Amino acid sequence: MTCSQLFFILFAATFLFMGNSDTCSDCFTPSRASYYPNSDDRGTETGRCGYGTFGATINSGDVSAASDLYRDGVGCGACYQVKCSNMNYCSDKGVNVVITDHGSSHNTDFILSSRAFGRMAQNTDAAASLLALGIVDIEYRRVPCSYPNKNITIKIDDNSNYPHYLAFVIWYQQGKKDITSVQLCETQSYECKLLDRSYGAVWTTTSPPSGPLSVRMLFSDENGDETWITPVNDIPSNWKPGDIYDSGVQVIA
Ligand SMILES: *[C@@H]1O[C@H](CO)[C@@H](O)[C@H](O)[C@H]1NC(C)=O
C-alpha cells in the first residue's frame, strides 16, 4: 500500500466515524418501560422534579419517571420519544413524554403515566393488551420539548419564606437543552450568585438579595456548549410564595 492510499483510508475512516456520531444523537436506545400502577392515569403532583400541580397537567399527562436519565435532577423537564417494540400492539411513533419524577422498577429506564404507556399502542384494544403486560421492551431518544405560546415560567415554591428563603421551580423549558446552573442577580448592581439545585427543577437560596431579581439560566447542549440566558422580566421585589412569573424568554432548539 502506498502512503497516499493509507492516507485516503484514514481520511475515509475519520469521515465515516464523524458521520456516525452525528446521526447518533437521533438514534434510539433500547430499554424497558413500565407504568405507574395505582396513581392518576396522568401526571403526578408529587414527582421528584418538584413541579407540584404543574406536574399533573404538563404535556396533557404524557409524563414519566426516569431512573438514570433523571441525572440528579438535571434531566427534569427533558422530553423523550418512547416507542414499544411489540409489533402486534405498538405504533411506529410511540409517545413523547416529559420527565417529572425519579424512579425505576425491574431495570426500566422509564415509568410512564398509564396514559402515556397506553399511547404507545396502535389503538385502544392494543393499549389494553399493552397495559396488561405491565413491563415492555422499548426504544427511546431525546427530542425537543414543545410548549406553543409559553415562555419559561418561574413558580415561587410554597416553601419559600419572604424575604429570608427563596425557592422556585422552572416551568416550560422548550427545546433539547439542559439547565445546568442558575444565578440570581440583583438588578441594580448586577451582582449575581449561584443557586443550589435543591432537588429536581427546584432552585433555592437563603438570604436572597432585596429588590427586583433576575434569574439567569445556563443552558447546556449534548455537545457541552453552554449559553447563559437572561430573562426579559425580573422577579418583583415583593415576590410571594405561590406566585408565578413569566420570564419573557423561551429557548428553542
Ligand atoms: C413571552 O414573552 C414575550 C416578551 O419577551 C411577550 O411578548 C409574550 O407575550 C410572552 N408570551 C406569553 C405566551 O406570555
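Counting the sequence shown from 1 gives a position; my numbering is that position plus 13. The beta carbon of each residue, even a glycine, is placed where N, CA and C say it ideally should be. Only a predicted model underlies this, so the values are computations on that prediction, with no experimental measurement involved.
- Rounded to whole angstroms, the gap between the alpha carbons of glycine 131 and lysine 253 is 39 Å.
- Residue environment for tryptophan 241: exposed (fewer than 16 other C-beta atoms within 10 angstroms of its C-beta).
- Judged by beta-carbon spacing, asparagine 164 lies within the 8 Å limit of aspartate 259, meaning their Cβ atoms are closer than that value.
- Distance from the CA of tyrosine 153 to the CA of aspartate 138, rounded to the nearest whole angstrom, comes to 23 Å.
- In terms of Cβ geometry, histidine 119 and isoleucine 148 form a close pair [threshold 8 Å].
- The three-state secondary structure of leucine 208, taken from DSSP, is coil.
- In chain order, the residues with a C-beta atom nearer than 7 Å to some heavy atom of ligand 1 are Asn162, Lys163, Asn164, Val245, Asp259, Gly261, Val262 and Gln263.
- Assigned with DSSP and collapsed to three states, isoleucine 265 falls in coil, not helix or strand.
- The beta carbon of serine 194 is closer than 7 Å to those of Leu207 and Leu231 in its chain, skipping five residues each way along the sequence.
- Short of 6 Å from the beta carbon of alanine 91, and not among the five residues preceding or following it, lie these beta carbons of its own chain, in chain order: Ile112.
- DSSP places aspartate 39 in the helix class (H, G or I) of the three-state scheme.
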